[in-house]
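Q: Residue numbers (the working numbering), protein chains in the order written: chain A, -4 to 341; chain B, -4 to 341.
1. So which of A:179, A:162, A:183 has the shortest CA-CA distance to residue 173 (chain A)?
2. Give the DSSP-derived three-state secondary structure of residue 182 (chain A) in the structure shown.
3. Under 8 angstroms: does the beta carbon of residue 257 (chain A) sit that close to some heavy atom of the ligand ATP?
4. When the distance is taken between beta carbons, is residue 148 (chain A) closer than 9 angstroms to residue 268 (chain B)?
5. Given a cut-off of 9 angstroms, decide if residue 275 (chain A) and residue 238 (chain A) are closer than it, judged by their beta-carbon atoms.
6. When you compare the CB of residue 270 (chain B) with every CB in chain A, is at least one pair closer than 9 angstroms?
7. Counting beta carbon pairs with one atom in the segment 116 to 131 of chain A and one in the segment 62 to 78 of chain A, are three or more of them shorter than 8 angstroms?
8. Helix, strand or coil: which one does DSSP assign to residue 40 (chain B)?
9. Compute the beta-carbon to beta-carbon distance between residue 45 (chain B) and residue 322 (chain B), rounded to the nearest angstrom, for a pair I have assumed lies under 8 angstroms.
10. Report the residue ranges of all beta strand (DSSP E) runs contained in full by the segment -4 to 32 of chain B; include only those spanning at least 3 residues, in chain order.
11. Classify residue 332 (chain A): buried if its beta carbon has 16 or more other beta carbons within 10 angstroms, exposed otherwise.
12. On the CB-based measure, 16 or more other CB atoms within 10 Å of its CB, does residue 0 (chain A) come out buried or exposed?
13. Find the residues of chain B that neighbour residue 260 (chain A), judging by a C-beta separation of less than 7 angstroms, and give them in chain order.
14. In the segment 60 to 78 of chain B, which residues sit with their C-beta less than 7 angstroms from some C-beta in chain A, listed in chain order?
15. Taking Cβ-Cβ distances below 8 angstroms as the criterion, which residues of the segment 239 to 254 of chain B are in contact with chain A?
16. One question on the structure: do residue 232 (chain B) and residue 207 (chain B) come within less than 9 angstroms of each other, judged by their Cβ atoms?
17. At least one CB of chain A closer than 9 angstroms to the CB of residue 267 (chain B): is that the case?
18. Nearest to residue 98 (chain B) by alpha carbon, out of B:28, B:221, B:192?
19. Measure from the C-beta of residue 332 (chain A) to each C-beta in chain B and report whether the shortest distance is under 9 angstroms.
20. To be precise: take each residue of the segment 275 to 287 of chain A, compare its Cβ to all Cβ atoms of chain B, and keep it if any distance is under 8 angstroms. Which residues remain?
21. Tell me which residues share the same chain as residue 101 (chain A) and place their Cβ nearer than 6 angstroms to its Cβ, disregarding the 5 neighbours each side in the sequence.
22. Does the beta carbon of residue -4 (chain B) come closer than 9 angstroms to any beta carbon on chain A?
23. Give me the Cβ distance between residue 63 (chain A) and residue 8 (chain A), rounded to the nearest whole Å; I'm assuming they're in contact under 8 angstroms.
24. Tell me residue 76 (chain B)'s beta-bridge partners as DSSP assigns them.
25. Determine the contact status of residue 157 (chain B) and residue 243 (chain B), defining contact as a CB-CB distance below 9 angstroms.
26. For residue 271 (chain A), name the three-state secondary structure that DSSP assigns.
27. Would residue -4 (chain B) be called buried (16 or more neighbouring beta carbons within 10 Å of its own) or exposed?
28. Pull the bridge partners of residue 174 (chain B) from the DSSP assignment, please.
29. Taking buried to mean at least 16 other C-beta atoms within 10 Å of its own C-beta, is residue 60 (chain B) buried or exposed?
30. Would you mind reading off the limits of the alpha helix (DSSP H) that contains residue 290 (chain A)?
31. How far does the alpha helix (DSSP H) with residue 208 (chain B) in it reach, from first residue to last?
32. Which residues bound the alpha helix (DSSP H) around residue 247 (chain B)?
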C-alpha cells in the first residue's frame, strides 16, 4: 500500500489476565513479514474476528485446546488476500479464511485455508453470520436445542454474533423468541431488525421478573452464551425436557475466583433431575460435518434478507485489545471485527 | 391369617422433615380395610419398595409430581395378592404390582395394576431388578449414557437397586466399571458378586484421589445417583463428550439449605462447555415405552445368573420409616424392601 517495505504488525499475549483483561496484558510488535514455506500461502489480513472464546485462551488452564503461550501471537480467525503462494491451488489475489491470529500478515499451509468468494457475500460475513458464529448457532439448534414450533426460546447476547443467528433461526422454526441484551438500543435492534418477539434489557432492574412475564408458558430452549444472573433467571422458568446448549458463559469468563456462596449446584442439579433438563456443552469444531448444510440453509436466508446481521467494525489491529476487553463487558453491538487492512472488495 | 377381622395398617406423612427425616415425621395408623369400588381390586400388600425418590415427595416443593399431602399415606410401589376383585380380568389369588402406598391393604382400579407371575421370577424382583429400579438403570443407559465397549463408567450407590443394575449392564457392554459404595462389605460384594472392575469405599479418605487412580483413562459415563462429594470427585475426571444421566442425588435430598460457598456452578458449567458434557435428568416414567425391551433383555440375564441382585428385607410395615431414614444415610445393603405380609410364593 506504500513504498516502505511491508511490516507484520502482531498482537502478543504479554501477561495472563487476572479477572478482566487490561491493555497491559497485550503487547504490540512490528516485525518482518513471514516467508511462505513449501505448501504455504502468504496472506495479508483484511479482517480479524474477535470472539468471546478468546478470553479462555488467555488463561493457563486446560480447556478444549491449549492456551496461547505467553509471548505468542493471540489466536483468531481472519479473512485475507493471498499475496504469494507456494500452496497448490492458491494464487495471489485469492481470498481465504484461516486461523492467522492477531497479525497483519500470516503464512499457513494450503489445507488450513478455505477459499472465500466475495461475489457470494461480503468477505467479512465469512467470520460472522456465514462463519464460525453462524455455524455455531445453526449446529447447536440442530443437534441439542431442536426447537419445535410453538416453543419458547430464550437467547442471551441477542445482538451478538451467535445469539442473533440463533434467535432468528428459532423464529423461522416457528418459536416464540425472547432475547436479552445490554441496553435499550440493542434491544430495539433485536426486536425491530432481527424480529425477536421481545428483547429485555439486562441493565434494567428485576431481569428475573421481566423474563418470567415475557415467557408466560415457560422456556423450552435456553441458548446459553451468557451465564451469571441470566442463567439463574432462566433456571426456574425451564419447562420439562428443556434443552440448554451451553455455548458460552461470558459472565463467567473473567472470574478469577468462584462467586461467593451458597453453593447453588444442588439447586441446578435438582432442576436437571426433576425437570429432566438436557444441559450439554457445544463446540462448533465437533460439528464440521454440518458446515455444508449450514451454508446451504443460511446463505440464501442472508442473501434474501430474511436473516439479518450487524457488524461492529474496529479500525486497526492496534485497537484489537481494547475491542476484546470491551466485548467482554458487552460494549460491542453486533459481530465484532477488526479491519486490519482495507478490504478491496468493499 | 388370623380370625380377627383384618386391619389396614398405614404409614402417614405426619410432618414435613427439616433436613433428614426422623421417625416423628411419620405416623402409624390402623383402620378398616378398604372396600373395592366398581372396577377396582382389593390387594393385600406383600412387599413394599422403599426408594430414595420418596424423600422428595415428603417436601412441599414442586417436583416431577405433587408431594404427599400431610396426613396422607406415604406413596410407594407394592406387590400384593388380589383378595377381592371388581376389576375385569383380575381374580382373587392373582399377584399384582401397583402404587398402593405404605399400607397393608389397598384398592386400585384394574388398569393401575400390573399382573406379576411368581413362576417367572420371585415376586419381590418386580420391585427391584425387574421393576422400576432395573428399568431406570436400563433406560438411562440406553437413552443417555450409551456406554461403548472400552469406556470407563462410574456408578455411585453401586450396591443399591439402580446402581447394581447399571454397573452390571455396563460391564456386559464391555466397559470398565468403577463403583462407589459405603463400607468394605458393600465394596467386596460389588466387586466379587456384581463383577465391577473396582469398588471404592466412600467412607475412606481421599475419595477423589482414589477415584482418579481407578479411572486412569478418565470417565466417559457417570451414572449420577449420589451427588455431593462424589459428584465433585468425578467432575475433573470426565472425558470429552462424557454423559451424565442424572437419576438421583441422595447426598442432596436431605439438604434444608444450600451448602456453604463458594458457588461452584461456574466450575460445573465451565466443565460442561469445555468438555462438551451432556448432563441430563432422567425419570423412568418418561420411558415406559422401553419396558418391554427392558424385560426382554434383563429377565433372561437375571434367570441365568449373569445379572445378580441383592435384597435388603425389613420385616413389618411399622419399620418402614426407620428403614427409609437408614437408606438416606446409606445403611441399606441392596434393594430395600419391606415385607408387609408373608409371601406365600416364597
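All C-beta atoms, glycine included, are put in the ideal place defined by N, C-alpha and C.
A: Checking against the coordinates, here is how it stands:
1. A:162
2. helix
3. Of ligands this structure carries none, so the ligand ATP is not represented either.
4. no
5. yes
6. yes
7. yes
8. strand
9. 6 angstroms
10. 2 to 8, 21 to 27
11. buried
12. exposed
13. 259, 260, 263
14. none
15. 241, 242, 243, 244, 247, 250, 252, 253, 254
16. yes
17. yes
18. B:28
19. no
20. 275, 276, 277, 278, 281
21. 38, 95
22. Here residue -4 (chain B) scores only 48 on pLDDT, less than 50, and its place in the model should not be relied on; the value that follows carries that caveat. No, no contact with chain A.
23. 5 angstroms
24. B:39, B:90
25. yes
26. coil
27. Interpretation of residue -4 (chain B) is limited by its pLDDT of 48, a score under 50 that renders its predicted location unreliable; no figure is taken from the coordinates.
28. B:150, B:194
29. exposed
30. 286 to 299
31. 202 to 209
32. 245 to 248
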